[in-house]
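Have a look at the structure below before the remarks.
Protein chains: 2
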Amino acid sequence: MARRNVRDQLIVVALELFHTRGYNGCGVSDITDATGVPKGSFYNHFKSKELLALAVLERYQSLLGMDALKDRSKPPVPRLRSLFEGYMAFQAKWGFSRGCLLGNFGAELSSQSPAIRKVLKKIFERWCDAVAQVVQEAKERGDIDKRRDAQQTARFLYNAWQGAVINSKVTRSQAPFENFFAVIFDSVMTR
Amino acid sequence: MARRNVRDQLIVVALELFHTRGYNGCGVSDITDATGVPKGSFYNHFKSKELLALAVLERYQSLLGMDALKDRSKPPVPRLRSLFEGYMAFQAKWGFSRGCLLGNFGAELSSQSPAIRKVLKKIFERWCDAVAQVVQEAKERGDIDKRRDAQQTARFLYNAWQGAVINSKVTRSQAPFENFFAVIFDSVMTR
Chain S
47 MARRNVRDQL
57 IVVALELFHT
67 RGYNGCGVSD
77 ITDATGVPKG
87 SFYNHFKSKE
97 LLALAVLERY
107 QSLLGMDALK
117 DRSKPPVPRL
127 RSLFEGYMAF
137 QAKWGFSRGC
147 LLGNFGAELS
157 SQSPAIRKVL
167 KKIFERWCDA
177 VAQVVQEAKE
187 RGDIDKRRDA
197 QQTARFLYNA
207 WQGAVINSKV
217 TRSQAPFENF
227 FAVIFDSVMT
237 R
Chain C
47 MARRNVRDQL
57 IVVALELFHT
67 RGYNGCGVSD
77 ITDATGVPKG
87 SFYNHFKSKE
97 LLALAVLERY
107 QSLLGMDALK
117 DRSKPPVPRL
127 RSLFEGYMAF
137 QAKWGFSRGC
147 LLGNFGAELS
157 SQSPAIRKVL
167 KKIFERWCDA
177 VAQVVQEAKE
187 RGDIDKRRDA
197 QQTARFLYNA
207 WQGAVINSKV
217 TRSQAPFENF
227 FAVIFDSVMT
237 R
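Protein sequence lines, in the order shown, are assigned to chains S and C.
With positions in the first sequence counted from 1, the corresponding number in the numbering used here is that position plus 46.
With positions in the second sequence counted from 1, the corresponding number in the numbering used here is that position plus 46.
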């Protein structure tokens, strides 16, 4: 039980540190210091920093709010907008300083860690599959242009959003998100 | 003269290393080792790694192909498409493994270095001003929807591209760029 708690604490602390300082911007001892455990005990829980990062990504994935996409009581286009509004609120909470861990790791670690790159790709695919279903629903209702390809649109949304997130870190502002909403819901997600 | 050459060599080598391994993924001694100069001489040229990174960003900016945007012998929409095709070819050259230094640094360093963040913001603004002029030209010719705001469109293009670049690193493929071209030139940059 205590062992399990230390593992969990390490994940929570590492998520915070990776998110604010990047993977290469903090070491195992920064993580154990911030968790308040001896460095030696780290390796009882994770064989490497990379394996910890994979556990952190798993945790981060649960923050993506994908379940709400299945709520058919809300029309598909507003449901998608809500998803991104949730992401924007998450960024606003940190004063637009943290970015998305998926984009940060993608930029920083795609070459460095094949294992992390593989998981990032899997999360991306899963996200796009869920969003493509909602886009398909919107097409079938005639809410958006029927010629639009659902998978293509989902992938485009993911990337356009990730770019907006990085720009929000660089400009420390909400403007890139407002820009995203204005362009996407006025040209891509329309009839 | 020799002094000038060492400075230039350090910039070229650091651009390569920052681009492939990230800012925090390599140290000053990696850079001096790869340049073949003693570590001590580094500080004759740059007071810090951060100041070197600023010089690297200046160099990188010259690779953005902005001059071609002024070539009015080509219609504005194909001119913009060529710009992005040039960026795609640049990524293809490295097997889609490096990403864009602007996006990489934005993701990795926006919190860590206010000086780098400031320069990234300035490059972004400059890029958007140049692209907005081409978008404006396309509007005036009636090639794209006249209701589209030129600055808003330029900023959207920048971010959507940066997101596609990261995704191309994660998926090691050209697909995110093809997706960008398909959606942008079929919905945003149209009448």
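Note that beta-carbon positions come from the ideal geometry of N, C-alpha and C, so glycine has one too.
It should be emphasised that the depicted structure is a prediction, and the values quoted were computed from it without experimental measurement.
Beta-carbon gap between residue i and residue j smaller than 7 angstroms
i      : j      : result
S/K167 : C/T217 : yes
C/R144 : C/T66  : yes
C/L98  : C/A60  : yes
S/Y204 : S/C174 : yes
C/V180 : C/L126 : yes
S/E96  : S/S159 : yes
C/V165 : S/F202 : no
S/Q31  : S/I169 : Outside the shown range of chain S (47 to 237) lies residue 31 of chain S, about which nothing can therefore be said.
S/L129 : S/G111 : yes
S/A206 : S/L115 : no
S/S233 : C/S233 : yes
Exposure of residue i, with buried meaning 16 or more beta-carbon neighbours within 10 Å
i      : result
S/N90  : exposed
S/G141 : exposed
S/L109 : exposed
S/G73  : exposed
C/S75  : exposed
S/S119 : exposed
S/R237 : exposed
S/M47  : The pLDDT assigned to S/M47 is 47, lower than 50, so where the model puts this residue is not dependable, and the model offers no usable value.
C/R172 : exposed
C/G68  : buried
C/R187 : exposed
8 angstroms Cβ shell around residue i - same chain, five flanking residues per side excluded
i      : result
S/V83  : V52, Q55, L56
C/S87  : V52, T78
C/Q208 : C146, L148, G149, G152
S/K215 : F142, S143, R144, G145
S/A138 : Q220
C/R194 : V181, K185, V234
S/F136 : L109
C/N225 : A210
C/A231 : Checking the sequence shown, residue 231 of chain C turns out to be Phe, not Ala. Closer than 8 angstroms at Cβ, skipping near neighbours: V123, R127.
S/F64  : C72, A99, V102, L147, N150, F151
S/S94  : none
Cβ shell of residue i (< 6 angstroms), same chain only, five flanking positions each side left out
i      : result
C/A178 : A196, Q197, A200
S/M235 : V123, I190
S/F227 : none
C/F92  : L98
S/E131 : none
Contacts around residue i, its chain only, beta-carbon distance under 7 angstroms, and the 5 residues preceding and following it disregarded
i      : result
C/E183 : P122
C/N70  : E154
C/N213 : P222
C/K192 : K185
C/K85  : V74, S75, T78
S/R105 : I57, L61
S/D117 : R125
Residue interval of the alpha helix (DSSP H) (run including residue i)
i      : result
C/Q158 : No alpha helix (DSSP H) holds C/Q158; DSSP gives it neither H nor E.
C/R125 : 122-139
S/L203 : 196-217
S/Q107 : 95-107
C/P222 : 221-229
S/D76  : 74-81
C/S87  : 85-91
| request: Quick one: which residues of the region 145-171 of chain C get their C-beta closer than 7 angstroms to a C-beta of chain A? List them in chain order. | output: Included in the structure are the protein chains S and C, with no chain A among them.
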